[in-house]
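Below you'll find the structure, written out as structure tokens, and then a few comments.
Protein chains: 4
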Amino acid sequence: MTDIARLVRDIADAMAVAPERGEVATYIPPLAKVDPGRFGICVVLADGTAHAAGDADEPFSIQSVSKVFALTQALGKIGDTLWRRVGREPSGTAFNSIVQLEREQGIPRNPFINAGALVVADVNLAGHEPRVAIGELLRFVRYLADDDAITIDEHVARAEQQTGFRNVALANYMKAFGNIHHAPELTLGVYFHQCAIAMSCRQLAMAGRYLMHGGLLEPGGPRVVSGQRARRINALMLTCGHYDASGDFAFRVGLPGKSGVGGGILAIAPGKASIAVWSPGLNANGNSMLGTQALERLAEATGWSVFSA
Amino acid sequence: MTDIARLVRDIADAMAVAPERGEVATYIPPLAKVDPGRFGICVVLADGTAHAAGDADEPFSIQSVSKVFALTQALGKIGDTLWRRVGREPSGTAFNSIVQLEREQGIPRNPFINAGALVVADVNLAGHEPRVAIGELLRFVRYLADDDAITIDEHVARAEQQTGFRNVALANYMKAFGNIHHAPELTLGVYFHQCAIAMSCRQLAMAGRYLMHGGLLEPGGPRVVSGQRARRINALMLTCGHYDASGDFAFRVGLPGKSGVGGGILAIAPGKASIAVWSPGLNANGNSMLGTQALERLAEATGWSVFSA
Amino acid sequence: MTDIARLVRDIADAMAVAPERGEVATYIPPLAKVDPGRFGICVVLADGTAHAAGDADEPFSIQSVSKVFALTQALGKIGDTLWRRVGREPSGTAFNSIVQLEREQGIPRNPFINAGALVVADVNLAGHEPRVAIGELLRFVRYLADDDAITIDEHVARAEQQTGFRNVALANYMKAFGNIHHAPELTLGVYFHQCAIAMSCRQLAMAGRYLMHGGLLEPGGPRVVSGQRARRINALMLTCGHYDASGDFAFRVGLPGKSGVGGGILAIAPGKASIAVWSPGLNANGNSMLGTQALERLAEATGWSVFSA
Amino acid sequence: MTDIARLVRDIADAMAVAPERGEVATYIPPLAKVDPGRFGICVVLADGTAHAAGDADEPFSIQSVSKVFALTQALGKIGDTLWRRVGREPSGTAFNSIVQLEREQGIPRNPFINAGALVVADVNLAGHEPRVAIGELLRFVRYLADDDAITIDEHVARAEQQTGFRNVALANYMKAFGNIHHAPELTLGVYFHQCAIAMSCRQLAMAGRYLMHGGLLEPGGPRVVSGQRARRINALMLTCGHYDASGDFAFRVGLPGKSGVGGGILAIAPGKASIAVWSPGLNANGNSMLGTQALERLAEATGWSVFSA
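Residue numbers (our numbering), protein chains in the order written: chain V, 1 to 309; chain D, 1 to 309; chain A, 1 to 309; chain Z, 1 to 309.
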């Protein structure tokens with residue numbers, strides 16, 4: 001057993017018995033009934049080997065982690081003109097805050113808060129039917145993960161749609177400023193479905209490889225995005241990937257990462273690894289409690305911080 | 001001439017003739033009368049060689065760049081208990097905003113906005129006379145830069161003291177919440193003097209070496225801070241070092257950096273380089289316009305982004 | 001000709017030729033095409049006599065003035081329990097601000113900002129079809145004005161519905177906090193229709209009589225609301241009736257008043273008069289420019305301020 | 001015994017035994033040690049008769065009630081040009097909020113929040129020594145109350161000065177925007193002393209007579225301010241006199257009033273009465289709990305609301 005395999009297993013073992021596991025999100029029934037005892041981890045190294053432990057093959061709702069793939073898709077469609085409609089700064093507020101939009105005239109601070117992700121979904125919609133746009137994103141994620149088994153959990157999508165009043169508010173609010181171009185309910189349809197993509201840690205770590213490899217799907221493989229774009233998506237993940245706890249994640253873990261309310265986190269060690277962790281219990285900031293701890297351990301043991309040589 | 005020496009010279013040549021140079025800070029006379037035509041750059045590599053060009057040996061007022069050294073000093077005094085009094089999150093607001101303090105009960109968001117730096121100054125004061133605390137910081141910076149010629153510009157310090165009403169407001173406001181422990185005017189005295197430290201690009205790049213070397217003064221040299229602390233200070237610089245343009249700096253340059261209103265920026269490429277640039281004209285966010293452009297060029301040419309392999 | 005008749009005519013004459021008339025609201029076409037040259041005024045005295053001048057018999061869109069009648073209706077339905085869902089404080093922000101709702105957990109500051117009026121509409125909906133609730137409000141206003149010719153302008157209602165994204169945002173935002181009980185689109189349907197009630201100055205001044213007569217429809221007539229409730233509605237109009245210019249209106253005019261973006265204002269001199277003015281041009285705060293000036297003149301000439309003996 | 005005398009006595013009797021009395025302000029020792037059992041009331045009628053009960057002759061710290069007299073003094077000095085430096089709108093925030101100042105560039109929302117009162121104090125300072133300005137205000141209050149025994153409690157003034165960091169912050173913050181013209185410590189000196197004026201209910205009700213009499217000291221007496229100015233000060237008291245509970249006070253009591261953290265309230269029934277109540281226990285909004293209740297009873301029993309005929 002290699003060192004990394006042992007480390008991944010040790011972390012999973014420790015997390016399996018951790019007494020404090022945070023609180024599972026309860027705003028929709030399908031999330032509320034996930035077992036807080038689950039923990040999974042998968043590390044895909046630069047050499048392509050995958051090292052998994054715990055519930056690494058169980059699909060979960062990736063929720064906001066999908067914002068990374070949707071952003072990549074939108075940049076592919078319209079390039080840097082996206083930044084006329086979305087900022088690139090940490091928000092200093094909660095993931096679903098509407099205050100900032102009033103102050104800044106309907107321009108969300110970054111593509112990883114809900115408002116920003118709605119603008120990204122609006123770009124990806126691009127005049128199509130919502131299900132066309134969703135189908136396109138799903139195919140993109142399957143391609144990145146090299147796994148056609150990835151699907152959308154329709155129960156989750158429907159539940160989001162029934163209870164997502166704050167997101168409806170955000171979309172309509174930005175529409176009032178002209179920063180949503182389609183009918184808000186269509187854009188919201190895309191957004192709710194992308195949040196409902198279900199993936200396992202293994203699939204997620206695979207899907208993140210292009211951010212480890214400077215934009216290539218794998219070493220010597222096809223180019224997904226330019227090297228500059230890969231670096232910039234990593235930069236956005238580092239500064240904005242954990243809502244109003246992004247600074248703390250950079251401080252503790254030191255890697256670009258994007259968390260979701262389903263308990264998943266995708267983290268990238270450029271040139272070294274693409275990592276996915278999952279544990280459904282959340283800390284006070286809405287990020288996976290054990291997932292964050294696992295990444296902190298992993299980063300410490302491997303020295304993978306972007307802030308060291 | 002080495003590649004890096006040529007690159008540094010080319011950048012300095014380009015910046016010397018840049019037509020748009022931003023606006024020099026005017027809030028105190030000593031800053032207002034600095035020539036906007038100046039530009040300096042110095043890159044100290046991991047091997048200890050220094051590569052300078054332009055006005056790299058002319059001292060300027062380092063202003064908020066001093067917050068990096070003062071933070072390092074305060075962490076040395078009281079360690080991680082500092083974080084009970086200061087946060088680690090990007091602010092989402094201007095460098096001298098007082099709004100956030102009201103919402104968050106007198107706890108500044110991070111040590112690099114003015115309010116946070118005032119708490120740091122209050123820690124460094126530690127019951128001494130202000131000039132003792134300032135003397136200690138000055139000795140620390142001289143040690144880091146290996147240059148005893150570094151001084152405090154008393155004209156600048158006095159001018160800050162005469163016009164710094166917003167900082168007086170911030171200090172008294174936090175005092176009302178119990179988060180300034182000394183008489184506000186004493187803490188302010190330390191703060192105004194640390195902002196008035198004058199350094200050249202060469203001195204500044206030298207002083208930043210410990211953040212390139214994982215906490216060592218130089219390879220094989222004495223330890224200034226632990227490796228973890230060096231990484232964490234770098235993380236704070238990346239997420240919070242450019243006020244409300246920190247996300248943009250991470251996006252464009254991809255290196256931890258700290259800017260000052262005097263036009264200086266210290267940037268760190270971990271394991272590779274400690275970089276100082278200076279040009280007094282500021283962009284709309286209050287960061288050196290040409291300094292930022294020079295770092296963007298340098299990072300692109302060298303591939304030194306922390307977000308690539 | 002009585003003094004008041006002459007005064008009313010003089011004011012109308014002066015307003016007819018006023019060079020600066022403000023800007024007509026343009027957010028929906030039916031309002032945008034109203035002639036800014038119009039001005040109407042009607043004063044109904046305590047003795048029941050009506051004194052009108054200018055375009056006093058031309059119907060206009062009463063918009064937010066309807067909030068007074070809708071509030072009266074809601075208080076009739078659920079009494080003071082309404083105040084668990086809406087505050088009674090001036091907002092300190094614009095009429096359609098969403099910031100306050102985030103800070104105060106979905107409880108609008110008062111029933112005269114849009115968010116508060118949406119809660120009031122939600123109360124009035126009371127489980128019925130929207131058109132039932134709207135029919136009830138329309139009958140109530142006709143009763144108050146003693147005029148069955150009052151109608152709803154369906155063009156305006158439809159235009160509001162097509163463009164009212166901010167109101168959709170507000171309703172959904174409060175729904176997320178549980179402070180809208182029906183499906184947001186139903187509550188919004190009621191709200192958009194109540195804003196589209198069309199009335200002339202004469203009809204509006206007649207409809208406001210109960211607030212002049214301590215809750216009686218007319219002296220010796222049937223009771224609409226208790227004396228205490230009439231006083232309290234007047235108090236709310238004074239402190240909150242002109243959005244973020246309520247203080248200024250109290251300062252200049254000194255009477256309870258409620259303005260609408262259609263250019264109408266209803267003002268009450270308790271025991272003395274119910275007054276309606278209309279001029280479609282708005283000042284920077286979104287209140288009728290000439291309407292405010294006319295009321296200032298009227299109050300000064302008659303001494304009707306609530307702040308004098 | 002007249003009706004009003006009996007009413008005043010009944011109210012005092014009821015308040016003497018009220019079980020819930022609120023919390024005495026504790027931010028300075030001289031206020032913290034006031035007996036929460038105290039209650040006083042004095043009503044001066046239009047005919048000049050004074051009706052007092054309870055602790056109506058015991059001096060207390062009038063604190064923010066002084067803002068009414070200081071405003072009157074400042075308007076006397078510079079007239080309506082004052083409104084270039086202070087707004088006339090309710091704040092929608094706490095009495096000592098600094099947030100609004102950042103948003104509105106150092107212009108306080110109204111003269112009755114602390115920031116506004118500091119601008120008023122700065123106007124009254126007018127280039128003199130602080131004690132000259134304070135002496136002038138004290139003489140003005142003695143004149144209004146017809147009582148030379150009124151003094152400043154130096155213990156209170158000193159305690160304010162030692163602990164008033166938030167006010168120091170506000171003054172310096174506005175100084176940074178150029179809206180404080182003197183050295184902040186001088187303006188603060190005036191402010192802290194005016195807050196420390198000690199008056200009894202009887203003295204305070206006497207001092208408020210000019211606001212009942214349309215600007216005259218007493219019927220047929222000398223003019224203190226114009227009728228318009230008296231009305232306007234009343235309007236400001238109604239919309240802004242109880243900080244962020246001004247709307248509620250207007251709703252419940254229906255009279256212009258100004259409260260202070262010492263537990264005093266001055267209320268005006270134009271043409272009818274000048275009323276002072278005092279009880280040191282405060283409600284959650286920082287206004288006298290029993291004082292507010294007493295005024296609510298008095299207004300209900302007498303029908304003195306400005307919102308009824």
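Cβ atoms here follow ideal geometry from the backbone N, Cα and C, with glycine treated the same way.
| field | Which listed residue (D/Ser-305, D/Thr-81 and D/Ala-309) has its alpha carbon closest to that of V/Lys-272 | value | D/Ala-309
- Could you list which residues in chain A have their beta carbon closer than 9 Å to that of Z/Val-68, in chain order? Near Z/Val-68 there are no residues of chain A at all, since even the closest Cβ is about 14 Å away, more than 9 Å.
Inter-stretch contact at 8 Å, needing at least 3 Cβ pairs: the segment 25-37 of chain V / the segment 3-23 of chain D: no
**Request:** Output the distance between the C-alpha atoms of A/Ala-198 and A/Glu-58, rounded to the nearest integer angstrom.
**Result:** In a straight line, the C-alpha of A/Ala-198 is about 9 Å away from that of A/Glu-58.
Check your understanding: Closest to Z/Arg-6 by CA distance: which of Z/Gly-22, Z/Ile-233, Z/Ala-50 and Z/Gly-79 is it?
Key -> Z/Ala-50
Under the assumption that D/Val-306 contacts V/Phe-249 (Cβ atoms under 8 Å), give the Cβ distance between them as a whole number of angstroms. Wrong, their Cβ atoms sit about 15 Å apart, outside the cutoff.
Practice task
For A/Lys-77, decide whether its Cβ has a neighbour in chain V, counting only Cβ atoms nearer than 8 Å.
Solution key: Cβ-Cβ to chain V under 8 Å: no for A/Lys-77.
Problem - Proximity below 8 Å, CB of D/Arg-231 to CB of V/Gly-254 - result: yes
Extent of the continuous alpha helix (DSSP H) run through Z/Leu-71
66-78
Nearer than 7 Å: is that true of the beta carbon of D/Pro-184 relative to any heavy atom of the ligand SAM?
The model depicted lacks the ligand SAM and carries no ligand whatsoever.
Is there a Cβ from chain Z that is less than 8 Å from the Cβ of D/Lys-175?
yes
Practice problem: Could you round the C-beta distance between Z/Phe-60 and Z/Gly-264 to whole angstroms and report it? I think they count as a contact, below 8 Å. | Solution: 6 Å
Report task. Report the neighbours of Z/Cys-195 on chain A: residues whose CB is nearer than 9 Å to its CB, in chain order. Result -> Here the premise fails: no neighbours, minimum Cβ distance about 23 Å.
Can V/Phe-192 and V/Ala-157 be called in contact, C-beta distance under 8 Å?
-> Less than 8 Å divides the Cβ of V/Phe-192 from the Cβ of V/Ala-157.
Checklist entry - Under a three-way DSSP split, which group does D/Trp-278 fall into? => result strand
Whose CA, out of V/Tyr-210, V/Gly-260 and V/Met-206, lies closest to the CA of V/Ala-52? V/Met-206
- Taking Z/Gly-241 as the reference, give the member of Z/Ile-98, Z/Gly-286, Z/Asp-47 and Z/Thr-81 with the closest Cα. Relative to Z/Gly-241, the option among Z/Ile-98, Z/Gly-286, Z/Asp-47 and Z/Thr-81 whose CA is nearest is Z/Gly-286.
**Prompt:** Between which two residues does the alpha helix (DSSP H) containing Z/Leu-45 stretch?
**Reply:** Segment 40-45 is the beta strand (DSSP E) holding Z/Leu-45; no alpha helix (DSSP H) there.
Q: Anything in chain D within Cβ reach of Z/Ile-98, meaning under 7 Å, just list it in chain order.
A: Ile-98, Glu-102 and Tyr-173
### Message
When you compare the segment 129-137 of chain V with the segment 112-130 of chain A, are there three or more beta-carbon pairs, one atom per stretch, that lie closer than 8 Å?
### Response
With the cut-off at 8 Å, the segment 129-137 of chain V and the segment 112-130 of chain A do not touch.
### Query
Taking C-beta to C-beta, are V/Thr-239 and D/Gly-247 nearer than 8 Å?
yes
Residue from V/Ile-268, V/Leu-101 and V/Ala-145 with nearest C-alpha to V/Leu-295 = Ranking the options by Cα distance to V/Leu-295, first place goes to V/Ile-268.
(Q) Tell me the DSSP secondary structure of V/Glu-218 in three-state form. (A) coil
(Q) Quick check: is the beta carbon of V/Phe-251 nearer than 8 Å to any beta carbon in chain A? (A) no
- prompt: From what residue to what residue does the beta strand (DSSP E) around D/Ala-269 run?
  reply: 264-269
Q.
Looking at D/Ala-46: is its Cβ nearer than 8 Å to the Cβ of D/Ala-121?
A. no
Mind pulling the alpha helix (DSSP H) runs of 4 or more residues that sit fully within the segment 168-203 of chain A?
184-195
TODO: Please go through the same chain and pick out, in chain order, the residues whose beta-carbon is closer than 7 Å to the beta-carbon of D/Gly-189, but skip the five residues on each side of it.
DONE: For D/Gly-189, where only same-chain residues beyond five positions count, the Cβ hits under 7 Å are Pro-130.
Item to check | C-beta contact flag for A/Gly-260 and A/Gln-63 at 8 Å | outcome: In this structure, A/Gln-63 lies closer than 8 Å to A/Gly-260 by Cβ.
Next on the checklist: Using only CA atoms, which one of V/Glu-89, V/Glu-104 and V/Asn-114 lies nearest to V/Ser-97?
Outcome noted: The residue with the shortest Cα to Cα distance from V/Ser-97 is V/Asn-114.
Q.
Quick test of your reading: Z/Ala-276 and Z/Cys-201, contact by CB under 8 Å. State the CB separation rounded to the nearest angstrom.
A. 4 Å
Q: With Z/Gly-227 as the anchor, note down where its beta strand (DSSP E) starts and where it stops.
A: Where Z/Gly-227 is concerned, there is no enclosing beta strand (DSSP E), although the alpha helix (DSSP H) it sits in stretches over 227-240.
How would you label V/Gly-76, buried or exposed, when you count the other beta carbons within 10 angstroms and need 16 or more for buried?
-> Counting the other CB atoms within 10 Å of its CB gives V/Gly-76 a total below 16, which places it among the exposed residues.
Our contact map puts D/Leu-266 next to D/Val-86 with C-beta atoms below 8 Å; I'd like the distance itself, whole angstroms only. Not really, about 20 Å apart at Cβ, beyond 8 Å.
Is DSSP giving V/Ala-250 helix, strand or coil here?
helix
query = Do you know how far the Cα of A/Ala-56 is from the Cα of Z/Ala-299?
reply = 37 Å
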